[in-house]
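One structure below.
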Amino acid sequence: MMTIDPALIRNFCIIAHIDHGKSTLADRLLEATNAVSERDKKDQFLDNMELERERGITIKAQTARMNFTAEDGKTYVLNLIDTPGHVDFSYEVSRALSACEGALLIVDAAQGIEAQTLANAYLAVEANLELIPVVNKIDLPSADPDRVAQEIEDVIGLDAADVLPVSAKTGVGIDAILQAIVDRIPPPAGEATAPAQALIFDAYFDSYVGVVMIVRVVNGVLHKRERIKFMVAGIEQEITRLDVIDPTPRSVDSLAAGEVGMVIAGIKTLGDIKIGDTITTAAKGAAEALAGFQEVKAMVFTGLYPVDSEDYEDLKVALEKLKLNDASISYEPETSAALGFGFRCGFLGFLHAEIVQERLEREYDLDLITTAPTVRYLVVPRDGDPFEIESPAALPESAEIHEIQEPVVLATIHVPSDYLGAVLGLCQDRRGVQKDMGVHGTRVQVRYELPLNEIVTDFHDRLKSATRGYGSFDYDLVGFRPADLVKLDVMVNGDAVDALSLIVHKDKAYGRGSELTKKLKEFIPRQQFPIAIQAAIGSRIIARTTVRAVRKNVLAKCYGGDITRKRKLLEKQKAGKKRMKMVGSVEIPQEAFLAALRLGDD
Amino acid sequence: MAEDFDVFDDGAVGVYLHLPFCERICPYCDFAVVAAPELGAGREARYVSNLLTELKARRSDFEGRALASLYFGGGTPSLFTPQSIRELALAVGAAFAERGDDAAGGRVPEIETTLEVNPSTIEWARLPDFRAAGINRLSIGVQSFNDTLLKRLGRAHRAPIARETLCAARAAGFDNLSIDLIFAAPGESQGDLARDLDELLEWEPEHISTYELTFEPETPFGRALAAGKMNSCDEDLAADMTLQIEGRLKASGFGRYEISNYSRGEETRSQHNQRYWQRQAVLGLGMGAHSAEARSAGLPHGARRANPRRLGEWEERIRTDPARTGDEERLSVAGSRGEAVFLALRQAEGLSALRFEAEFGGSPRVFFEAEIEAMIRRGWLIEGGRVAGDLRLSDLGRLLADDVAAEFVAAV
Ligand SMILES: Nc1nc2c(ncn2[C@@H]2O[C@H](COP(=O)(O)OP(=O)(O)OP(=O)(O)O)[C@@H](O)[C@H]2O)c(=O)[nH]1
Ligand code: SF4
Ligand SMILES: [Mg+2]
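Those protein sequence lines, which keep their order, are chains Z and B.
Numbering-wise, the first sequence is residues 1 to 602 according to this note's numbering.
Numbering-wise, the second sequence is residues 1001 to 1412 according to this note's numbering.
This is the structure in structure tokens:
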């Protein structure tokens, strides 16, 4: 079996701001190299998750291998990794970078540089990658490739002359990109003769073969049937299958230094293997593991509960499996009086939380209730040391609290100057403090300090609509600041519905409280007794409404002889009741929780 | 004493004949009906002949049982000619050799024989002939004596026609009349209901059925409600109306023997309808008719058969397999237990613990301890009475009969 000369390998990823055309460009590259047959062609070929196709965004980084015959007549193996552009999935980008020597930095020729362009470019530079700047969508009437090339030089410091203009839509400029990948990106540096070291940079669970790992072989060679060792996990296993992905898996006998591929080693127990681990051979293995990945810190937290409490174990297994594929989620068991057993989960952002919930529901066939998203707060008690909380339920009595601090981010917002006013208004409304402002041609970059909890849910959407889609933002956590925060509780007949508790700024408590009580009233059916729905801060009631007691529930008709139908109606009624959650003696239907929890984002 | 209770199959059969045609379809109706502005002689003859075929093919399922009741329901059965009705009644009588008489000689059955009648000019003229055809009980779809409400309900008739029909019924010698009343119609007030009840009572019927208007999903009313184009009656008002009816009818000497049925005395209760509630055998013939098959060794909890709700489909079955017109549903023991409870609770007598035990091998409490306790604690159920362990609904529980009933069925 011949291994490929590393000099003929190029590993690169495609990075950009969201929607600048990474996946579409990947389509053209796959086509130009005949990696995808005419029959299998489809738009955004690599976005193969149902959710990605529905939403038109990339969620998971995706690997594909191509063969390209360059101007020098040699055939090169090009390994492409398409990455997501949305800020919530930047962990995907950072891992993809570790498998590459270069990156195509795509910039939309009409939009120019946006927040995530910069953020991803910096990540790539930090990872020592060779950057190839590409201006995409030059076919658009509003495209201004020269201006954008200049912007790339001014803001990122890459030579405008090196910028490649393309249209991923029409295919103009694609060959030049392929040639540039060969010319400008260095071949992988590893040594095929050294002890094997392969970095697991992605993985997923397949119900037939178990854990499937996507690796970049850094040094040495991995062979099929070989015994391998996971250096961090400390376990040994035999390789049952090796694949390259071009772009569907194709079995190979070995993967050598510089190559990217798939490893299957009969691992069925979850939790054994983590992304970032190093694979070496069991015999004559490497002495040291490769640097893995930094643990990412979750920004947004929600409680995830199965609608049917019997699904708790299924949810647990589903989370374990999903965690393998998305190491950025964190979770730990949590109990709610209203919702039963579930998990407190941490996410990188609100979209991330939403996507994870949807993946759990679709890929694992679960029905879930998600509690309102919250951020991590720092509680400074009157006595004792400050501590962080990730759930409103963990907040002590107000008498015990000296102060609550909330996480604050430094948000960098890019916006055409026409929309500046709207953006400043939005930031003001979200308790922002302006830090600085810079003008680049017709675009403005403003920086604001904003409380994280003001931006986790709908800030991005509001920004988009205030700027007709032209504004973008990125943020970094800068620390905790004291704020006038209160815990808002919702009570039914005096019992707190813990799943609906919120930590909110005092000025917004009243509005949220009356919204919540109104919504609940709509969805809680009349019961044997009147139900008082209250919103309270501590013992102070700030909103109140009542659901009257049920008076009557009887179908007058017994449907002639159709007793079966009557029984079925009753059975349905009973099933509906079973799906209700008991808070004290009040039955609350799932829909009430869902409606109340959805309140924030519409 | 035990023999009072261990008889849960009376060994008889009630026969229900469904005659599905109506002059026009009321917008709230979800019965198995066929619109027939003009029920031609050809269509009538064909339907009658199909019914006779089905009767012949299916009567063996009820072999050896005495005929307990006969019911012509619909639809509007009174659209059929008295000749047709007579022919059908004779055939049923002959099939079950009613009371041991040889009915072949042309005697109509002497058991309760009900015809549903809608107020209309054609029908009242035929009433004497219906009487001669063996009908001895009329159930008249008056619904209201208030033209505004009748119009709002989309009914074909108006109050004066209803009055004429009632007069004609008495004149024809019917001494067992039941009147149907709908309440909680859109915009109806308690005053409107009081006037309806007053007039209803003036007619001194033997039996009254009162139905709260329900918005069935697959009807024009149901769709209008879902689309927000119509409002259903406020729940509190509907509850008050229920109590109003109960009070008024009781004060006038009527007893409520089932959630929505009142009669002057025990003998004028609907023998036929009670068979459903008491889970006795019923042979249902015709499009969309339901049968309750008797319990047997093979089917300890009996079975049901539902005929197709479409005319064409039923006719097709008559052609191909008249002995099996409807799909069978075999009752599970749990399903049966639930039904036994909720059907019994809808009746004034309530659930007899001994009878229940005879059928299911344990008292209601053996199977439903927690539910019964909870319902008693809420004041919805009353335990005891004639025999310890018997259960019946309280006044409060009657308004919430479905909530109570749901406790006793399996969740799906
Ligand atoms: N006119 C034009 N449209 C393009 C071009 N490239 C991409 N698009 C369109 O831009 C939109 C976004 O393209 P994608 O390829 O999904 O963008 P992406 O960068 O992969 O997006 P994320 O993965 O979600 O960050 C799609 O509607 C594409 O059809 C181009 O060259 N010209
Ligand atoms: S008359 Fe009776 S059966 Fe006929 S459509 Fe009206 S409600 Fe239905
Ligand atoms: Mg994409």
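Positions of the beta carbon are idealized from the N, C-alpha and C atoms, including for glycine.
Exercise for the section: Pull up the distance between the alpha-carbon of residue 238 of chain Z and that of residue 513 of chain Z, whole angstroms please. Expected result: 58 angstroms
Practice task
Quick one: measure Cβ to Cβ for residue 416 of chain Z and residue 443 of chain Z, integer angstroms, because I've assumed they're closer than 8 angstroms.
Solution key: 6 angstroms
Handout entry: Identity of the residue in B/1296, B/1396, B/1035 nearest residue 1243 of chain B by Cα
Key = B/1396
Exercise for the section: Report yes if the C-beta of residue 60 of chain Z is less than 6 angstroms from at least one heavy atom of ligand 3; otherwise report no. Expected result: No - ligand 3 has no heavy atom lying nearer than 6 angstroms to the Cβ of residue 60 of chain Z.
Problem - 3 or more residues per run - each beta strand (DSSP E) lying fully within the region 165-250 of chain Z - result: Taking only runs of at least 3 residues, the beta strand (DSSP E) segments lying wholly in the region 165-250 of chain Z are 197-206, 210-219, 221-223, 227-230, 235-238, 241-245.
Problem - Span of the alpha helix (DSSP H), counted from its first residue to its last, around residue 1366 of chain B - result: 1364-1377
Handout entry: Proximal residues, the region 482-509 of chain Z versus chain B, C-beta separation under 9 angstroms
Key = Taking 9 angstroms as the Cβ-Cβ cut-off against chain B, none of the residues of the region 482-509 of chain Z qualify.
Exercise for the section: For residue 573 of chain Z, go through chain B and note every residue whose CB falls closer than 7 angstroms to its CB, in chain order. Expected result: 1402, 1406
Practice task
Whole angstroms is fine: what's the gap from residue 318 of chain Z's alpha carbon to residue 306 of chain Z's?
Solution key: 11 angstroms
Practice task
Give the secondary structure of residue 526 of chain Z by DSSP, where H, G and I count as helix, E and B as strand, and everything else as coil.
Solution key: coil
Practice task
Starting from residue 122 of chain Z, follow the alpha helix (DSSP H) in both directions and report where the run begins and ends.
Solution key: 115-126
Practice task
Evaluate residue 1006 of chain B with the Cβ neighbour count: other Cβ atoms within 10 Å of its Cβ, from every protein chain shown; 16 or more gives buried, anything less gives exposed.
Solution key: The predicted position of residue 1006 of chain B is uncertain, since its pLDDT is 39 and thus under 50; a value taken from the coordinates is nonetheless stated next. Residue 1006 of chain B is exposed by the Cβ-count criterion.
Exercise for the section: Select from Z/193, Z/240, Z/232 the residue whose C-alpha is nearest the C-alpha of residue 217 of chain Z. Expected result: Proximity to residue 217 of chain Z across Z/193, Z/240, Z/232 peaks at Z/193, based on C-alpha coordinates.
Exercise for the section: Could you have a look at residue 1103 of chain B and say whether DSSP puts it in helix, strand or coil? Expected result: Low confidence applies here, because residue 1103 of chain B scores a pLDDT of 43, under 50, leaving its location unreliable and the question unanswered by this model.
Exercise for the section: Could you tell me whether the Cβ atoms of residue 605 of chain Z and residue 231 of chain Z are closer together than 7 angstroms? Expected result: The structure shown has nothing for residue 605 of chain Z, since chain Z only spans 1 to 602.
Handout entry: Cα-Cα separation, residue 1014 of chain B to residue 1282 of chain B
Key = Residue 1014 of chain B and residue 1282 of chain B have their C-alpha atoms some 5 angstroms from each other.
Problem - Beta-carbon gap between residue 185 of chain Z and residue 126 of chain Z smaller than 7 angstroms - result: no
Handout entry: Separation of residue 1391 of chain B from residue 1385 of chain B, as counted between CA atoms
Key = 8 angstroms
Practice task
Indicate whether the contact test is met: 3 or more Cβ pairs, each with one atom in the region 1039-1056 of chain B and one in the region 1246-1261 of chain B, closer than 8 angstroms.
Solution key: no
Exercise for the section: Use the C-beta contact count for residue 461 of chain Z: other C-beta atoms within 10 angstroms, 16 or more gives buried, fewer gives exposed. Expected result: exposed
Exercise for the section: Report all residues from its chain with a CB closer than 8 angstroms to the CB of residue 1394 of chain B; omit the five preceding and five following residues, and keep chain order. Expected result: 1379, 1380, 1381, 1382
Handout entry: Cβ-Cβ separation, residue 588 of chain Z to residue 603 of chain Z (assumed contact under 8 angstroms), whole Å
Key = Outside the shown range of chain Z (1 to 602) lies residue 603 of chain Z, about which nothing can therefore be said.
Problem - Contact under 7 angstroms by Cβ, residue 501 of chain Z with residue 489 of chain Z - result: yes
Handout entry: Length-filtered (4 minimum) alpha helix (DSSP H) runs lying within the region 407-489 of chain Z
Key = 420-429, 452-455, 459-466
Problem - alpha helix (DSSP H) runs contained entirely in the region 317-373 of chain Z, provided each spans 4 or more residues - result: 350-363
Practice task
Verify the contact flag: residue 402 of chain Z, CB atom, against every heavy atom of ligand 1, threshold strictly below 6 angstroms.
Solution key: no
Exercise for the section: Kindly list the residues whose CB is nearer than 7 angstroms to the CB of residue 1190 of chain B, restricted to its own chain and excluding five residues on each side of it in sequence; keep chain order. Expected result: 1240, 1241, 1244
Handout entry: 7 angstroms Cβ cut-off: residues of chain Z touching residue 1016 of chain B
Key = By Cβ distance, chain Z contributes 561.
Exercise for the section: Scan the region 1368-1400 of chain B for residues whose Cβ lies nearer than 8 angstroms to a Cβ of chain Z and list them as they occur along the chain. Expected result: 1378, 1398, 1399, 1400
Problem - Rounded Cβ spacing between residue 345 of chain Z and residue 331 of chain Z (contact assumed at less than 8 angstroms) - result: 4 angstroms
Practice task
Sort B/1164, B/1150, B/1218 by Cα distance to residue 1196 of chain B and report the nearest one.
Solution key: B/1150
Handout entry: residue 1103 of chain B to residue 570 of chain Z span [Cα, whole Å]
Key = At residue 1103 of chain B, the pLDDT of 43 sits below 50, so the modelled position is not reliable; the number obtained from the coordinates is stated separately. Rounded to whole angstroms, residue 1103 of chain B to residue 570 of chain Z spans 42 angstroms at the Cα level.
Problem - Residue closest to residue 10 of chain Z, alpha-carbon to alpha-carbon, out of Z/574, Z/349, Z/165, Z/190 - result: Nearest C-alpha to residue 10 of chain Z: Z/190.
Practice task
Compare the Cα-Cα distances from residue 1031 of chain B to each of B/1342, B/1354, B/1310, B/1314 and report the closest residue.
Solution key: Of the listed residues, the one whose Cα sits closest to residue 1031 of chain B is B/1310.
Problem - Three-pair Cβ contact test at 8 angstroms for the region 54-74 of chain Z versus the region 236-256 of chain Z - result: yes
Practice task
Enumerate in chain order the residues of its own chain whose CB-to-CB distance from residue 1147 of chain B is below 6 angstroms, with the five nearest sequence positions on each side excluded.
Solution key: 1158, 1159
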